[in-house]
Amino acid sequence: VSPYTEKKKTKTTIDLNIRELPWTDKQKEFINLALDKNTKVIITRGVAGTAKTILAVYCALRKIKDKRISEIYYSRVPVEASVHGIGYIKGTSEEKMSPYTQPLVDKLNELLPVPHVKALMMDERIVGVPLGFLRGLNISNASFIMDEAQNCRIEDFLLVMTRMANFSTLFIC
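Here our numbering is used: the first residue of the sequence shown is 9, the next is one more, and so on.
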């Protein structure tokens, strides 16, 4: 163990009750592939509503439950859908990131009872991070979900992929 690496977070003691959804055969294949210990990167694509994000979140939650990882990182490029823009957002960095992490929170609420979502948040097991703040991070023992990746540049992919360390899985949706 190098004294220069960040101290790893311990495994969670929260006993997650993850809802099982009626997965299709293809989605079950995705889950099996994502949960394989040799899988490091998963790239998934499809039209809106094809369960890309919820599958990544489900697999990350299963890894937390099985004590294979300690946290979930979630990021998307902050691209506004309107030409009018929302301008300056007041508040803390968490409050500013809230609109961009809302899809993750929605998926967590679909898959877990509310007390479990709150417990994961309070225990800092769910990390919403802007891509621009990844420099210098060493993401180990975690799942990283890069959502809405069609809005990313090549440099964004390189940044995320070079942050991934031991026992981590990268989901590119």
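Positions of the beta carbon are idealized from the N, C-alpha and C atoms, including for glycine.
- Fewer than three Cβ pairs drawn from the stretch 109-122 and the stretch 35-49 lie within less than 8 Å of each other, which leaves the two stretches out of contact.
- Closest in C-alpha terms to C160, from the list V85, Y81, D23, comes V85.
- Remark: C-beta atoms of Y81 and V168 do not approach each other more closely than 7 Å.
- With the rule of 3 Cβ pairs closer than 8 Å, the stretch 117-136 counts as touching the stretch 15-29.
- Between V113 and M130, the alpha-carbon positions lie close to 13 Å from each other.
- In this structure, DSSP gives G136 an extended state, which the three-state scheme calls strand.
- Taking one beta carbon from each stretch, the stretch 62-73 and the stretch 27-39 have 3 or more pairs nearer than 8 Å; the two touch.
- The bridge partners DSSP lists for E79 are A150.
- Around the C-beta of D33, fewer than 16 other C-beta atoms lie within 10 Å, and the residue is accordingly described as exposed.
- With fewer than 16 neighbouring CB atoms inside 10 Å of its own CB, R53 falls in the exposed class.
- In this structure K75 touches K19 by the C-beta definition: roughly 4 Å separates them, less than 8 Å.
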